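Report on the structure given below.
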Amino acid sequence: MTSTPTAGTRPDDVRRHNRTALLRRLHVAGPCTRAALAAELGLNRSTIKALVDGLAAAGLVAERLPVQRSGAGRPSLLVLPQPHAAVVLAVDIRVEQVAMGLVGIGGEILGRCSWSLRRGASHPTEVITRVADSFRPLAEELATDVVGVGVSVPGVVRQSDGLVHEAPNLHWTGVRLGERLSAVLDLPVKVGNDAELGALAEHVRGAARDAADMVYVSADVGVGGGVISSGSALRGAGGYVGEIGHMAIRPDGRPCYCGSRGCWETEVGEAALCRALAIPEDSPRGAVVAELRELAADPEVAMRRLGEFAEWLALGLVNVVNLLGPELVVLGDLFAVLPAAVVDWVGHAVRERSLVSRAVGGTRVVTSPLGRDAKLIGAAELAFEPVLSAI
Numbered sequence: 451m452t453s454t455p456t457a458g459t460r461p462d463d464v465r466r467h468n469r470t471a472l473l474r475r476l477h478v479a480g481p482c483t484r485a486a487l488a489a490e491l492g493l494n495r496s497t498i499k500a501l502v503d504g505l506a507a508a509g510l511v512a513e514r515l516p517v518q519r520s521g522a523g524r525p526s527l528l529v530l531p532q533p534h535a536a537v538v539l540a541v542d543i544r545v546e547q548v549a550m551g552l553v554g555i556g557g558e559i560l561g562r563c564s565w566s567l568r569r570g571a572s573h574p575t576e577v578i579t580r581v582a583d584s585f586r587p588l589a590e591e592l593a594t595d596v597v598g599v600g601v602s603v604p605g606v607v608r609q610s611d612g613l614v615h616e617a618p619n620l621h622w623t624g625v626r627l628g629e630r631l632s633a634v635l636d637l638p639v640k641v642g643n644d645a646e647l648g649a650l651a652e653h654v655r656g657a658a659r660d661a662a663d664m665v666y667v668s669a670d671v672g673v674g675g676g677v678i679s680s681g682s683a684l685r686g687a688g689g690y691v692g693e694i695g696h697m698a699i700r701p702d703g704r705p706c707y708c709g710s711r712g713c714w715e716t717e718v719g720e721a722a723l724c725r726a727l728a729i730p731e732d733s734p735r736g737a738v739v740a741e742l743r744e745l746a747a748d749p750e751v752a753m754r755r756l757g758e759f760a761e762w763l764a765l766g767l768v769n770v771v772n773l774l775g776p777e778l779v780v781l782g783d784l785f786a787v788l789p790a791a792v793v794d795w796v797g798h799a800v801r802e803r804s805l806v807s808r809a810v811g812g813t814r815v816v817t818s819p820l821g822r823d824a825k826l827i828g829a830a831e832l833a834f835e836p837v838l839s840a841i
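One rule links them: number in this note's numbering = place in the sequence shown (from 1) + 450.
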């Protein structure tokens, strides 16, 4: 709902605010009629017409008659965002791969590329150079201008300037990624923690669209978490929050990359999942996914082989739910490929063992519908945040 202008608010500020609200509505939820926009934003039809006409003149939206008509009289025109009118570069840096995509307003991925990394041996300069080299042909192929960049990194990130304080599984420390990428791309760059951006993607375009309080938990090599609280991303001091994979749950457990021992990710990360599946810890990602999908066909076998793994996953989630009280937990990356029987068991265990879950009526545990694109989509949304206010 559009806020009511206060005394002294300049008309230009009100128009800019309403324009941004309308553009964000179309970007997030897609095509909409003028009549519905007026109702949702709390604006009269003449104001909506003026705003849409201005955005159409700028090439940001287009209008057409709806395919299906109901009732008599002239139908309200359908307003559609124009993807090529505002495009951002999204970069998802993982331990073993970098994925890039050009994403248009409205969330459409217009072009993409990816390449493999050497686990734990990819220097920041190597990654930055490859991103810059890959960006140019990608943009030229689409013949479009890019207005911003969003980057997802599996580490502790200071969003204010894109400093990667520490990314243990990449072996990066003190990397000024935002500054360096901005210099080589000549574009504004925003950098975020991968799991936090996964949460953003799920909240905007995935399983958590209707959830005001949710936690996104993902397993790549390590385990990370992102939190949406009262509809907004929860960020700690300096923007550092969500390192739930390094929650210490087993004092006598295995050493962790972070330098501690018994972290949650040592029990439920990729290596732990490989051990549970009785395959080598350095198995390629495709082999892990294939094993999990094969298990999905037989719930009893799935629970027998992954029972202990499920216990550790549930234990960590109970702690997370008791601490944060979400209505929804979304499992991403490798967790999203877990057999349904395992996910159902974990969800039941969380509802049974968590005091807070019982208090809020039962926290739901679901898998991500966005798959491996979640963090790429989140990076794009991070880049769009300032863009939608500025165009």
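For glycine and all other residues, C-beta sits at the position ideal for the given N, C-alpha and C.
Being a predicted model, the structure only gives us computed values, none of them experimental.
6 Å Cβ shell around ARG735 - same chain, five flanking residues per side excluded: When the five nearest sequence neighbours on each side are left out, no beta carbon in the same chain lies closer than 6 Å to the beta carbon of ARG735.
How about HIS615: is its C-beta nearer than 8 Å to some C-beta of chain D? This model lacks chain D altogether; it includes just one protein chain.
Roughly how many whole angstroms lie between the Cα atoms of SER680 and ARG474? Near 19 Å, if we compare the C-alpha coordinates of ARG474 and SER680.
Measuring only the C-alpha atoms, how far is ILE694 from VAL671? Straight across, the Cα-Cα distance linking ILE694 with VAL671 is about 14 Å.
Ordered along the chain, which non-local residues of its own chain (more than five positions away) have a Cβ less than 8 Å from that of VAL606? Within the same chain, VAL606 has close Cβ partners VAL614, HIS615, GLU616, ALA617, ASN643, TYR690, GLU693.
How is PRO604 classed by DSSP in three states: helix, strand or coil? Look at PRO604 here: in three-state DSSP terms it is coil, with no helix or strand label.
Could you compute how far the alpha carbon of ASN769 sits from the alpha carbon of CYS708? C-alpha separation (whole angstroms): 20 Å.
Going along the chain, which residues of its own chain have a beta-carbon closer than 6 Å to the beta-carbon of ALA786, five neighbours each way excluded? These residues qualify, in order along the chain: THR817, SER818.
Is CYS706 helix, strand or coil by DSSP? Three-state result, CYS706: coil.
Own chain, CB closer than 6 Å to LEU826, minus 5 neighbours either side, in chain order: So the qualifying residues of the chain are ALA540, ASP542, ALA549, GLY551.
With contact counted as at least three CB pairs below 8 Å, one residue from each stretch, are the segment 726-746 and the segment 766-780 in contact? No: fewer than three Cβ pairs fall under 8 Å.
Restricting to Cα atoms, I'd like to know which of GLY624, ILE841, VAL553 is closest to GLY561. Checked all of GLY624, ILE841, VAL553; the closest Cα to GLY561 is VAL553.
Per DSSP, which residues does ASN643 bridge with? Please list them. BP columns for ASN643 point to VAL603.
Between which two residues does the alpha helix (DSSP H) harbouring MET697 extend? According to the DSSP assignment, MET697 belongs to no alpha helix (DSSP H), since it is labelled neither H nor E.
Return the first residue and the last residue of the beta strand (DSSP E) that VAL511 is part of. Residues 511-514.
For VAL545, collect the residues of the same chain with a Cβ closer than 8 Å to its Cβ; drop the 5 residues on either side in sequence, then sort them by chain order. Counting only Cβ-Cβ distances below 8 Å, and skipping sequence neighbours, we find LEU567, ARG569, GLY570, PRO604, ASN619, LEU620, ASP670, VAL671, GLY672.
Nearest neighbour of ALA833, chosen from GLN547, ALA508, GLY556, VAL464 [CA to CA]: Looking at the Cα atoms, GLY556 is the closest of the given residues.
Start-to-end residues for the beta strand (DSSP E) that takes in ILE559: Unbroken beta strand (DSSP E) run through ILE559: 559-566.
Leaving aside the five residues before and after LEU765 along the sequence, list all residues of the same chain whose C-beta is less than 7 Å from its C-beta, in chain order. Counting only Cβ-Cβ distances below 7 Å, and skipping sequence neighbours, we find ILE699.
Quick one: what's got a C-beta closer than 8 Å to ALA752's C-beta in the same chain, skipping five residues either side? So the qualifying residues of the chain are LEU745, ALA746, PRO789, ALA791, VAL792.
With distances taken between CB atoms, is the gap from GLY624 to VAL837 smaller than 8 Å? The answer is no: Cβ separation not under 8 Å.
7 Å CB neighbourhood of ALA457 in its chain, flanking five on each side removed: At ALA457 the pLDDT is 47, less than 50, meaning the model places this residue with poor confidence and gives no usable figure here.
Between which residues of its own chain and HIS477 is the CB-CB distance below 8 Å, once the five residues before and five after are set aside? Correct list, in chain order: PRO531, ILE555, GLY556, GLY557, PHE834, LEU838.
Near PRO461, what residues of its chain come up, given a Cβ to Cβ distance below 7 Å and the 5 sequence neighbours on each side ignored? Counting only Cβ-Cβ distances below 7 Å, and skipping sequence neighbours, we find nothing.
Am I right that VAL806 and PHE759 are in contact with their C-beta atoms under 8 Å? What's the rounded C-beta distance? With a beta-carbon spacing of about 24 Å, VAL806 and PHE759 fall beyond the 8 Å limit used to define contacts.
Could you please give the first and the last residue of the uninterrupted beta strand (DSSP E) stretch that includes ASP859? One cannot answer for residue 859 here, as it falls past the ends of the chain, which runs 451 to 841.
From the DSSP output, which residues share a beta bridge with PRO531? Paired residue(s): VAL511.
Could you pull the DSSP bridge partners for VAL667 from this structure? GLY675, LEU781, per the DSSP bridge assignment.
Going by DSSP, what residue range makes up the alpha helix (DSSP H) through TRP714? Unbroken run through TRP714: none, as it is neither H nor E.
Residue range of the alpha helix (DSSP H) that includes GLY628: Taken as a continuous stretch (DSSP letters only), the alpha helix (DSSP H) holding GLY628 covers 627-635.
Would you kindly work out how many angstroms separate the C-alpha atoms of GLU750 and CYS563, rounded to a whole number? Cα to Cα, the separation comes out at about 39 Å.
Which stretch, first to last residue, makes up the alpha helix (DSSP H) that contains LEU592? Run containing LEU592: 574-592, per the alpha helix (DSSP H) assignment.
Range covered by the alpha helix (DSSP H) that runs through LEU775: Strictly speaking, residue 775 in this sequence is Gly, with Leu absent from that position. Taken as a continuous stretch (DSSP letters only), GLY775 belongs to no alpha helix (DSSP H), as it is neither H nor E.
As assigned by DSSP and simplified to three states, the class of VAL816: In this structure, VAL816 counts as strand in the three-state DSSP scheme.
Can you tell me whether PRO574 is buried or exposed? The criterion is at least 16 other CB atoms within 10 Å of its CB, across all chains shown. With 16 or more neighbouring CB atoms inside 10 Å of its own CB, PRO574 falls in the buried class.
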